[in-house]
Amino acid sequence: GLQLGDNAKAALMTRGITEIARLGVAMGAKTETFAGLSGIGDLIVTCTSMHSRNRRAGILIGQGKSAEEAVRSVGTVEGYPCAKTAYELGQKLRVEMPIVEQSYAVLYEGKSPAQALRDLMTRPKRHESEVIWLLGR
Numbered sequence: 162g163l164q165l166g167d168n169a170k171a172a173l174m175t176r177g178i179t180e181i182a183r184l185g186v187a188m189g190a191k192t193e194t195f196a197g198l199s200g201i202g203d204l205i206v207t208c209t210s211m212h213s214r215n216r217r218a219g220i221l222i223g224q225g226k227s228a229e230e231a232v233r234s235v236g237t238v239e240g241y242p243c244a245k246t247a248y249e250l251g252q253k254l255r256v257e258m259p260i261v262e263q264s265y266a267v268l269y270e271g272k273s274p275a276q277a278l279r280d281l282m283t284r285p286k287r288h289e290s291e292v293i294w295l296l297g298r
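Convert by adding 161 to the 1-based position in the sequence shown; the result is the number in the working numbering.
Structure follows, in structure tokens:
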């Protein structure tokens, strides 16, 4: 919905799987779980397939529809309640999850997707070494 380029999409997916893994590990999961089909594989399909209800809802939200309107239009959207759960768990466990935090703000607090994206993209730059978990350290 926001017409991001391929590099921006790749950056969000890479940082997104890192956040997901960070939360999972904080809850006791193994890092390897996130490097396979159930982790990065699922994220790639969810983010890129037009068959993905989560993606279709996200496009509608990016085009200006409310989360509720997007869910009504698309049907079951697992990511909608999961974003709230991930946000609450991240807060409880003190896990840094900026994408989840911005997603929550858009879905549940009415923040504009464009502003959420600006806030994410203007965060201080950090080394991407945390993605090393994918390589088994």
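We treat Cβ as the ideally placed atom computed from N, Cα and C, and that holds for glycine.
Of all the options the options, which has the alpha carbon lying nearest to the alpha carbon of residue i?
i: serine 213; options: Glu229, Thr237, Arg233, Ala190; result: Thr237
i: tyrosine 132; options: Glu229, Arg233, Tyr269; result: In the structure as shown, the chain starts at 162 and stops at 298, and residue 132 therefore has no counterpart that could be examined.
i: asparagine 215; options: Lys226, Gly223, Glu239; result: Glu239
i: valine 235; options: Leu250, Arg217, Ala172, Pro242; result: Arg217
i: cysteine 243; options: Ala196, Arg233, Ala190, Ile181; result: Ile181
i: lysine 272; options: Asp167, Gly225, Ile205, Ile220; result: Gly225
i: isoleucine 201; options: Gly189, Gly185, Met211; result: Gly185
i: leucine 254; options: Thr175, Gly177, Gly189, Gln164; result: Gly189
i: serine 227; options: Ile205, Val267, Ser199; result: Val267
At what residues does the alpha helix (DSSP H) containing residue i begin and finish?
i: proline 274; result: 274 to 282
i: leucine 254; result: 240 to 254
i: methionine 174; result: 167 to 187
What is the DSSP secondary structure of residue i, counted as helix, strand or coil?
i: threonine 207; result: helix
i: glycine 223; result: helix
i: glutamate 230; result: helix
i: proline 259; result: helix
i: glycine 200; result: helix
i: threonine 300; result: With the chain running from 162 to 298 in the structure shown, residue 300 is simply not present.
i: serine 264; result: helix
i: arginine 298; result: Any reading at arginine 298 must be qualified, since the residue scores a pLDDT of 49, below 50, and its modelled position is unreliable; the value itself is stated next. Coil.
Return yes when the C-beta of residue i is under 7 Å from any heavy atom of the ligand NAP, and no when it is not.
i: glutamine 263; result: What this structure holds is no ligand at all, so the ligand NAP is not there to describe.
Since residue i and residue j are thought to touch, with beta carbons under 8 Å apart, how far apart are those beta carbons, to the nearest angstrom?
i: leucine 281; j: isoleucine 260; result: 7 Å
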